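What follows is a short report on a single structure.
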Amino acid sequence: ALRSLDLAAPPTTDRLALLRGVPFLTPLPGLSLEHLASALEELRVAAGETVVRQGEAGDRFYVLAEGAVAVGVDGAAVREEGPGSYFGEVALLRDTPRTATVTATSDCLLLSLGRDEFVSAVTGHVESADAALFTRSTPMKFPRFNRRWSTLACLAASLTATAAQTAARRAGDPRRARA
1 ALRSLDLAAP
11 PTTDRLALLR
21 GVPFLTPLPG
31 LSLEHLASAL
41 EELRVAAGET
51 VVRQGEAGDR
61 FYVLAEGAVA
71 VGVDGAAVRE
81 EGPGSYFGEV
91 ALLRDTPRTA
101 TVTATSDCLL
111 LSLGRDEFVS
121 AVTGHVESAD
131 AALFTRSTPM
141 KFPRFNRRWS
151 TLACLAASLT
161 ATAAQTAARR
171 AGDPRRARA
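Numbering of the sequence shown is given in my numbering, commencing with residue 1 and proceeding in unit increments.
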């Protein structure tokens, strides 16, 4: 009975703030964000533990609430991330193996969403899906360039989607044309 009360409780402001800090979740309507925030599961990870390993299948999306993690690609350290950072979206959205290994460098509190919850929320909202698919479109081996290239990739995706919608409207294809 208490578990059902916990599940029905409104999401905390902290959880909503963390989700609002994820660029591709920002376009989601408030109720969708609240639903995701209430679906978040807590995962405590000790310093030194591997959270995800490059090459493995992805089944969860993570937001770092407390602590720090190191991101590595092909055995090389790429960057360190702190509270508010997120990972795991690439494997879920592109249905590919994990693109990096993430290891806790301090005790961490991670909030996670399962594949189905995450994918249905993100892909069910056009602006969020576009942003998610192109957020990390450049190789992670060049982190200082990622922000610039992801912005350009998002812009290109938006222009491409708009052009495709216009072409579909002109061709009379109601399945691809949005108003």
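Using N, Cα and C, we set each Cβ at its ideal position, and we do this for glycine too.
As the structure is a computational prediction, the values presented were derived from the model and not from experiment.
Cβ shell of residue i (< 7 angstroms), same chain only, five flanking positions each side left out
| i | result |
| --- | --- |
| L18 | V63, A65, G84 and L111 |
| T105 | A47, A68, V69, A70 and E80 |
Expected contact under 8 angstroms - CB spacing of residue i and residue j to nearest Å
| i | j | result |
| --- | --- | --- |
| E89 | A39 | Actually they do not touch by this definition, with Cβ atoms about 15 angstroms apart. |
| V182 | F87 | Any property of residue 182 remains undetermined from this structure, which presents the chain solely from 1 to 179. |
Spatially closest choice to residue i from the options, by CA coordinates
| i | options | result |
| --- | --- | --- |
| T13 | A37, L25, P23 and T26 | A37 |
| H35 | V45, G21 and L16 | L16 |
| F61 | E41, T26 and G55 | E41 |
| S120 | F87, S32, G82 and D107 | S32 |
| G82 | L109, L43 and L25 | L109 |
| G55 | V45, G75 and L43 | G75 |
| L43 | L113, R20 and T96 | L113 |
| T123 | A100, L28 and D107 | L28 |
Residue i classed as buried or exposed, judged by whether at least 16 other C-beta atoms fall within 10 angstroms
| i | result |
| --- | --- |
| R94 | exposed |
| A77 | exposed |
| A57 | exposed |
| R53 | exposed |
| T26 | exposed |
Segment limits, alpha helix (DSSP H) that includes residue i
| i | result |
| --- | --- |
| V119 | R115 to T123 |
| L28 | First-last for L28: undefined, no H or E at that position. |
| T13 | T13 to R20 |
| E89 | E89 to R94 |
Residue span of the beta strand (DSSP E) that contains residue i, given as start and end
| i | result |
| --- | --- |
| L43 | E41 to V45 |
| T103 | T101 to A104 |
| A65 | R60 to E66 |
| R79 | A76 to E81 |
| G72 | V69 to V73 |
Beta-carbon contacts of residue i that lie in its chain and below 6 angstroms, excluding the five residues immediately before and after
| i | result |
| --- | --- |
| E49 | A104 |
| D59 | R115 |
| A91 | G58 and R98 |
Neighbourhood of residue i by C-beta distance below 8 angstroms, restricted to the same chain and skipping five residues each side
| i | result |
| --- | --- |
| R20 | T26 and L33 |
| A100 | V52, Q54, V71, G72, V73, V78, F87 and M140 |
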